[in-house]
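Each residue of the sequence shown is one higher than the one before, counting from 395 in the numbering used here.
Positions of the beta carbon are idealized from the N, C-alpha and C atoms, including for glycine.
Everything on this sheet refers to the single structure shown next.
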Amino acid sequence: MIFQPVLNIFLLVLLCVPVAALAVIALTKAKGRDKALWVMRLVMLLACFFMFLRPGIPGGVTQTLATDTDIVLVVDTTASIVAEDWNGDEPRLDGVRADVQTIVDEYPGARFALITFDASADLRMPLTTDTTSLVSSLDVLQPEVTSQSRGSSIGIANQLLADTLANAAASSPDRSRMVFYFGDGEQTVTSAPEPFDGSENFTDAGAVLGYGTTEGGPMQLTTGSLDGSGSGEYIEYQGSNALSVIDEGNLEAIAAELGIEYQHRTADTELELPEAPSTTTDYAESGSVGNVTELYWIAALVVVALLGVELARASMLVARLRLLRAPSASTRTRTRTRGRREKNPTDGGAA
């Protein structure tokens, strides 16, 4: 049993002890029925004290799965990431956001880093356990402005990823490292993609996740607006909407370089995630469960019942006092008759 007092325990004692002492003194001096009344009042005081202590039964000790792992997310933010072929006609970025949330839920306790790339690669968020900030960053993440796009390479983040993993390995060698790459594999520059093989030695698990369809999806012109909405107009090529098509061959090559699996993502399939390395997965005691079974209501019922007895007794006493103070109907009649006789003497007396 635990106690969560509504006031400081010393203040509760200071308030209740003097009253309890007076009740005990009154009890020792009382006689007959008054003794029973003072016993009832003392019980009521003790019940109030117990109620203010807020007793309860804790839910017990729970174990939480802790993943002692560093996870680096590499997200494509080129114009094609908002191509509308996810779940019908939704932007691919919606699928990326949903999958990131699934990954965050799958690996509790892990540290996450976020790298994005278009014409250049940027470390948007260094390794942190603040998954709320990570998800918020993904929620406001927008692709590059279309008018400023000059083509991009799907491997441009290779060196930044390698440096991030190497630094994590140097600072925390006992932690495992996972990499998740999110993209469509479209290489829009003439040069070959930069290889990711420099990161393989630091990568224990992960996945390359591909978004898009072979039919392709149209892309809205992006303006970099704060609300994240597109312009409503679409990128055109030779008089019709340009289509972004997934290149699974490129994505499979990246997966092979990193030593992880490739998975094509669609809205109607569940994300298959690898298990975190067992050497860095453990159960940790997380203390008492937050929900507590409250018991103060038992004392509250006792107080209500005893107050009901006191109120009933007080009502009876008030009713008796009113009866004693109010003269009866016959008494009032005799009084009025006597008053009339004194004011009007009989005729015989007058003669």
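What did DSSP end up calling R714 once you bin it into helix, strand or coil?
-> helix
Give the range of the alpha helix (DSSP H) segment to which M434 is assigned.
-> R427 to F446
Which value, in whole angstroms, describes the spacing of the CA atoms of L409 and A713?
-> 33 Å
CB T582 to CB G653, shorter than 8 Å?
-> no
Among G633, A556 and I419, which has the Cα closest to the Cα of E651?
-> A556
Given L645, which residues of its chain have a CB within under 6 Å of its CB, disregarding the five upstream and five downstream residues?
-> G579, V602, G604 and Y656
Rounded distance between the beta-carbons of G606 and R518, thought under 8 Å = Not confirmed; about 22 Å, so no contact.
Integer-rounded CB distance, given that T461 should sit under 8 Å from E538 | With 8 Å as the limit, E538 and T461 do not qualify as a contact, their Cβ atoms being about 33 Å apart.
Just reading off the beta strand (DSSP E) that G549 is part of, what are its end residues?
-> No beta strand (DSSP E) holds G549; DSSP gives it neither H nor E.
Just the C-alpha distance for I550 and D662, rounded to the nearest angstrom, thanks.
-> 30 Å
Would you report the Cα separation of A708 and L421, rounded to the nearest angstrom?
-> 19 Å
Cβ distance (whole Å) where F443 is taken to contact L401 below 8 Å = Rounded, the Cβ-Cβ distance is 11 Å, inconsistent with contact.
Is D557 helix, strand or coil by DSSP?
-> helix
Could you have a look at T461 and say whether DSSP puts it in helix, strand or coil?
-> strand
Coarse secondary structure for T617, derived from DSSP in three states = coil
Local conformation of P449 per DSSP, three classes = strand
Pick helix, strand or coil for V529, following the three-state DSSP scheme.
-> helix
Using the DSSP secondary-structure output, state which residues sit across from P485 in a beta bridge.
-> E478
Report the residue from G643, P612 and E594 whose alpha carbon sits nearest the alpha carbon of E630.
-> P612
If you draw a straight line from the alpha carbon of R435 to that of A417, how long is it in whole angstroms?
-> 7 Å
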